[in-house]
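In short: position in the sequence shown from 1, add 331, done, that's the UniProt record's numbering.
Every residue gets a Cβ at the ideal spot worked out from N, C-alpha and C, and that includes glycine.
Just so we're clear, the structure is a prediction, and the values are computed from it rather than from any experiment.
Comments concern the structure below.
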Amino acid sequence: AAPLVVAKSTTLAAKSGLLIRKRSSFEEARNIDTVIFDKTGTLTLGEFGVSDVVSSGDLTKEEIVKFTASLESQSEHPIAKGIVNYAKEQNIEYPQPNEFESLTGKGIQGEVDNKNVKVVSPGYLKDEQIDFDESEFQPISEEGKTISFLLINDKLEGFVALADQIKESSKEAIAQLKSMNVESMMLTGDSQKVAQWVGKQLNLDAITAEVLPDEKADFVKKVQREGKRVAMTGDGVNDAPALANADLGIAIGAGTDVAMETADIVLVESNPKDVVNILDLSKATYRKMI
Ligand code: ADP
Ligand code: MG
332 AAPLVVAKST TLAAKSGLLI RKRSSFEEAR NIDTVIFDKT GTLTLGEFGV
382 SDVVSSGDLT KEEIVKFTAS LESQSEHPIA KGIVNYAKEQ NIEYPQPNEF
432 ESLTGKGIQG EVDNKNVKVV SPGYLKDEQI DFDESEFQPI SEEGKTISFL
482 LINDKLEGFV ALADQIKESS KEAIAQLKSM NVESMMLTGD SQKVAQWVGK
532 QLNLDAITAE VLPDEKADFV KKVQREGKRV AMTGDGVNDA PALANADLGI
582 AIGAGTDVAM ETADIVLVES NPKDVVNILD LSKATYRKMI
């Protein structure tokens, strides 16, 4: 009768919006004791709106938006979409950049109006030891907003702050996991301040910020070495190596193809509560078989 139970629950899983790509990982799901979530697009909607534009040099706010949007028009990052939408809403025109390349996990750079332009994270400024007045953006990032700095020929010109929204379902998912004695952690490429803010809102057990894609995968290994059975949940290209390393890799349905191809289970919707459903369904299915 066992295979029938599994077949039934696979149907049930499909009805609940779970696409099981690897049966053995679904079976393992009942033993998961730690869930690591990506932040942007997984715990948050991943839809950024511009909340502040600040100039710290000679440029006007419009010029800050112009240069930033020019580069971001070439990027697929949710931050990029937020900035480009804002420029359009404000009717701020921007030129096409001549060249551009992504600075993985830190931003983007290119050539605009014959100038080298970079749009980067606070972490990039720290790494490059570029001085900035923290008091200018500290209060903004403490509200959980993501800051993108504009550098022109390596001179800091200002920043754009963007706000994302935490999914209501993230709160419920993490509370339910807690009641099942499953730990919830968050991994993000975003800054420490933003991570702390989200961690507090969601009552997460642990947060790790400013991680590069490879470091996400290493982090999963590290937690496994501590004896944990780890599920990783993410949506981005940068989450794929971590999804591959986890005991259970879960991709959010609205995510990138790479994430979905790497995952053991794909959530049709983008609802973190489905992670709880996976653990429950695995327990129910494989308990019946004993
Ligand atoms: P996440 O874990 O939030 O998905 P990413 O690895 O995609 O993080 O990005 C990490 C950080 O790098 C972002 O928070 C942002 O500061 C910066 N970044 C990446 N891509 C861009 C971009 N196109 N424009 C501006 N900043 C970017
Ligand atoms: Mg993401």
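Legend entry - Assigned secondary structure, residue 460 (DSSP; H/G/I helix, E/B strand, else coil): When secondary structure is reduced to three states using DSSP, residue 460 falls in the coil class, being assigned neither helix nor strand.
Inset, instruction - Give a yes or no on whether the minimum CB-CB distance between residue 468 and chain B is below 8 Å. - result: The structure shown contains no chain B, having only a single protein chain.
Inset, instruction - With DSSP as the reference, label residue 379 as helix, strand or coil. - result: Under the three-state reduction of DSSP, residue 379 is assigned to coil, being neither helix nor strand.
Inset, instruction - Grab the span of the alpha helix (DSSP H) containing residue 545 for me, first residue to last. - result: Start and end: 544-556.
Inset, instruction - Kindly identify the DSSP beta-bridge partner or partners of residue 441. - result: Residue pairing by DSSP places residue 441 opposite 431 and 448 in a beta bridge.
Legend entry - Own chain, CB closer than 7 Å to residue 426, minus 5 neighbours either side, in chain order: Here the set comprises 401, 443 and 444.
Legend entry - CB contact flag (residue 448, residue 483, <8 Å): Going by C-beta atoms, residue 448 is nearer than 8 Å to residue 483.
Inset, instruction - Measure the C-alpha to C-alpha separation of residue 474 and residue 525 and round it to an integer number of angstroms. - result: When rounded, the distance between both Cα atoms is 7 Å.
Legend entry - Extent of the continuous beta strand (DSSP E) to which residue 486 belongs: Counted as a single uninterrupted DSSP element, the beta strand (DSSP E) harbouring residue 486 occupies residues 486-494.
Inset, instruction - State yes or no: is the C-beta of residue 508 within less than 8 Å of the C-beta of residue 480? - result: It is not a contact, given that the beta carbons lie outside the stated cut-off.
Legend entry - Buried versus exposed call for residue 342 [16 or more other C-beta atoms within 10 Å across all chains shown]: By the 10 Å Cβ count, residue 342 comes out exposed.
Legend entry - Contacting residues, own chain, Cβ-Cβ under 8 Å from residue 608 (five flanking each side not counted): Correct list, in chain order: 347 and 349.
Inset, instruction - Counting only the same chain and skipping the five closest in sequence on each side, list residues whose C-beta sits under 7 Å from that of residue 390. - result: Residues 488 and 489 of the same chain have their beta carbon placed closer than 7 Å to that of residue 390, with the five preceding and five following residues left out of the count.
Legend entry - residue 589 versus 617, 395 and 570, residue with shortest Cα-Cα distance: Ranking 617, 395 and 570 by Cα distance to residue 589 puts 570 first.
Inset, instruction - Give a single yes or no on whether residue 529 has its beta carbon closer than 7 Å to a heavy atom of ligand 1. - result: Not a single heavy atom of ligand 1 lies less than 7 Å from the C-beta of residue 529.
Inset, instruction - To the nearest angstrom, report how far apart residue 502 and residue 368 are at their CA atoms. - result: Straight across, the Cα-Cα distance linking residue 502 with residue 368 is about 12 Å.
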